[in-house]
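FYI, UniProt numbering numbers position 77 of the sequence shown as 77, with every residue one higher than the one before it.
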Amino acid sequence: MSYKHLTTFERARIETLYEQGISIRNIAKKLERSPSTISRELKRNSQKGSYKSEHAQDNYNERRNNCGRIGKWSPELAEIINEKLELTWSPEQIVGRLFLGSISFKTIYRWIYQGLLVNQHLNVLRHKGKRQTPRETRGRFNVGASISKRPKEIRKRETFGHWELDSVVSSRGKSKGCFATFVERKTRWYIAFKMPNRSATSMEQAIRTLNEQLPSGAFKTATVDRGKEFACYSAIEQDTDIQMYFADPYSSWQRGSNENANGLLREFFPKKTDLAKVSNEELANALSLINNRPRKCLNWKTTHEVFQKELLHLI
Numbered sequence: 001m002s003y004k005h006l007t008t009f010e011r012a013r014i015e016t017l018y019e020q021g022i023s024i025r026n027i028a029k030k031l032e033r034s035p036s037t038i039s040r041e042l043k044r045n046s047q048k049g050s051y052k053s054e055h056a057q058d059n060y061n062e063r064r065n066n067c068g069r070i071g072k073w074s075p076e077l078a079e080i081i082n083e084k085l086e087l088t089w090s091p092e093q094i095v096g097r098l099f100l101g102s103i104s105f106k107t108i109y110r111w112i113y114q115g116l117l118v119n120q121h122l123n124v125l126r127h128k129g130k131r132q133t134p135r136e137t138r139g140r141f142n143v144g145a146s147i148s149k150r151p152k153e154i155r156k157r158e159t160f161g162h163w164e165l166d167s168v169v170s171s172r173g174k175s176k177g178c179f180a181t182f183v184e185r186k187t188r189w190y191i192a193f194k195m196p197n198r199s200a201t202s203m204e205q206a207i208r209t210l211n212e213q214l215p216s217g218a219f220k221t222a223t224v225d226r227g228k229e230f231a232c233y234s235a236i237e238q239d240t241d242i243q244m245y246f247a248d249p250y251s252s253w254q255r256g257s258n259e260n261a262n263g264l265l266r267e268f269f270p271k272k273t274d275l276a277k278v279s280n281e282e283l284a285n286a287l288s289l290i291n292n293r294p295r296k297c298l299n300w301k302t303t304h305e306v307f308q309k310e311l312l313h314l315i
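Here it is as structure tokens:
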């Protein structure tokens with residue numbers, strides 16, 4: 001969700017409620033704002049414990065008139081940026097969604113490294129180390145429709161309801177617990193389900209679960225690799241309207257959306273994590289954060305916003 005500035009009316013309500021001794025949390029609830037927004041407003045514009053909406057609005061108007069191209073760090077700007085960094089937004093996403101290019105994402109990185117943001121906690125940055133491509137050790141099979149037979153409009157992301165599937169596993173020696181992951185190609189919306197193991201039976205159940213949760217027409221095709229967990233393709237094609245396509249060997253780029261999304265999920269559950277011990281609540285929270293990040297490829301809309309809009313066309 002984009003950052004929306006307080007209105008004159010909201011500032012007047014804050015003044016009235018604050019004078020009545022209403023707590024910051026309850027003021028926020030009445031205005032349907034976050035407590036941090038109310039706290040920031042009071043801290044910024046109060047004088048000797050008194051908040052006057054007219055004075056606060058004058059201060060806001062002056063800041064707006066002088067905003068132009070943002071070039072200097074300020075506590076107010078840092079609060080806004082820190083809030084989004086803690087929601088796992090990248091500097092580029094923050095700039096694209098909130099500042100429309102009036103500040104460079106490189107500037108945000110510089111402020112982080114200088115200790116001016118998030119107390120220089122570099123763990124808020126999305127990529128914390130080198131990426132390594134794991135060796136494929138699963139069994140494979142050579143039947144099913146090749147990706148070469150997949151219609152061009154799917155490759156071009158022109159139509160909705162076409163998914164990429166994969167699995168994310170626990171570290172070797174931890175457990176067999178893993179995730180079945182799904183990305184809708186047009187919207188980049190991402191979802192995952194816990195699986196007890198990486199078997200075809202478990203994957204089939206995950207696919208059926210998602211298909212049952214979606215309205216008709218929202219799950220038309222699935223593009224997968226030739227790992228043995230997708231040997232369930234025949235049963236899926238026979239019992240549902242889903243057509244499955246298989247990527248070429250050693251061609252992860254043919255499922256680039258899913259590969260990228262799995263990397264985002266690994267930010268929350270690194271490779272040493274025993275995925276069997278991850279709760280459904282923890283998984284849901286990670287997915288919510290990922291799906292509510294603005295995306296450059298979606299003109300800085302979130303995947304959640306775009307996905308929900310597509311679903312409305314099917315209902």
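Positions of the beta carbon are idealized from the N, C-alpha and C atoms, including for glycine.
Each residue's CA atom was taken as its position, placing threonine 8 and serine 53 some 7 Å apart. Setting aside the 5 residues that flank it on each side, tyrosine 51 is surrounded in the same chain by Ile14, Glu15, Tyr18, Leu42, Asn45, each with a C-beta closer than 7 Å to its C-beta; the list follows chain order. Per DSSP, the continuous beta strand (DSSP E) segment holding lysine 194 begins and ends at 190-195. Annotation for alanine 56: Arg11, Asn45 place their beta carbon closer than 6 Å to its own, counting only its chain and skipping 5 residues before and after. Residue nearest to lysine 194 within the set Phe160, Thr107, Leu287 is Leu287 (criterion: CA-CA distance). Lysine 176 places its beta carbon less than 8 Å from that of asparagine 197.
Of all alpha-carbon atoms in Ser252, Trp189, Thr240, Ser148, the one lying nearest the alpha-carbon of leucine 289 is that of Trp189.
Contact between the stretch 243-255 and the stretch 274-283 is not established, with fewer than three Cβ pairs separated by less than 8 Å.
With a beta-carbon spacing of about 13 Å, phenylalanine 179 and serine 171 fall beyond the 8 Å limit used to define contacts. Looking at the backbone, the Cα of glycine 49 and that of threonine 37 are separated by about 17 Å.
The C-beta separation of phenylalanine 160 from glutamate 310 comes to about 5 Å, placing the pair in contact by the 8 Å criterion. For tyrosine 245, the uninterrupted beta strand (DSSP E) segment begins and ends at 243-246.
Within the stretch 231-274, the runs of beta strand (DSSP E) that reach at least 3 residues and sit entirely inside it are, in chain order, 243-246. Taking one beta carbon from each stretch, the stretch 151-160 and the stretch 226-236 have fewer than 3 pairs nearer than 8 Å; the two do not touch. Taken atom to atom, the span from the alpha-carbon of phenylalanine 268 to that of glutamate 281 is near 13 Å. Collapsing the DSSP output to three states places alanine 218 in coil. Residues Arg40 of the same chain have their beta carbon placed closer than 6 Å to that of glutamate 79, with the five preceding and five following residues left out of the count.
Each of Ser23, Gly96, Ser202 was checked against the Cα of lysine 296, and the nearest Cα belongs to Gly96. In this structure, threonine 223 and glutamate 164 form a Cβ contact; the two beta carbons are roughly 5 Å apart against a cut-off of 8 Å.
Between threonine 201 and the set Leu210, Glu229, Lys186, Glu184, the nearest pair of CA atoms involves Glu229. Per DSSP, reduced to three states, the secondary structure at leucine 100 is coil, with no helix or strand assignment. Residue environment: serine 90 is assigned as buried (16 or more neighbouring CB atoms within 10 Å of its CB, all protein chains considered).
Nearest to alanine 247 by alpha-carbon distance, out of Glu212, Ile27, Ile147, Ala261, is Ile147. With 16 or more other Cβ atoms inside 10 Å of its own Cβ, alanine 206 counts as buried. Here phenylalanine 9 is not bridged, per DSSP, to any residue. Exclusion of the five residues before and after glutamine 47 leaves His55 as the residues of its chain whose Cβ lies within less than 8 Å of its Cβ. Boundaries of the beta strand (DSSP E) harbouring tryptophan 163: 162-169, taken from the DSSP string. Exposed is the label assigned to threonine 209, since fewer than 16 other Cβ atoms lie within 10 Å of its Cβ. If you draw a straight line from the Cα of leucine 312 to the Cα of lysine 72, it comes to about 42 Å.
For valine 306, the three-state secondary structure derived from DSSP is helix. The residue among Leu283, Ser251, Pro249, Tyr250 with its C-alpha nearest the C-alpha of leucine 264 is Leu283.
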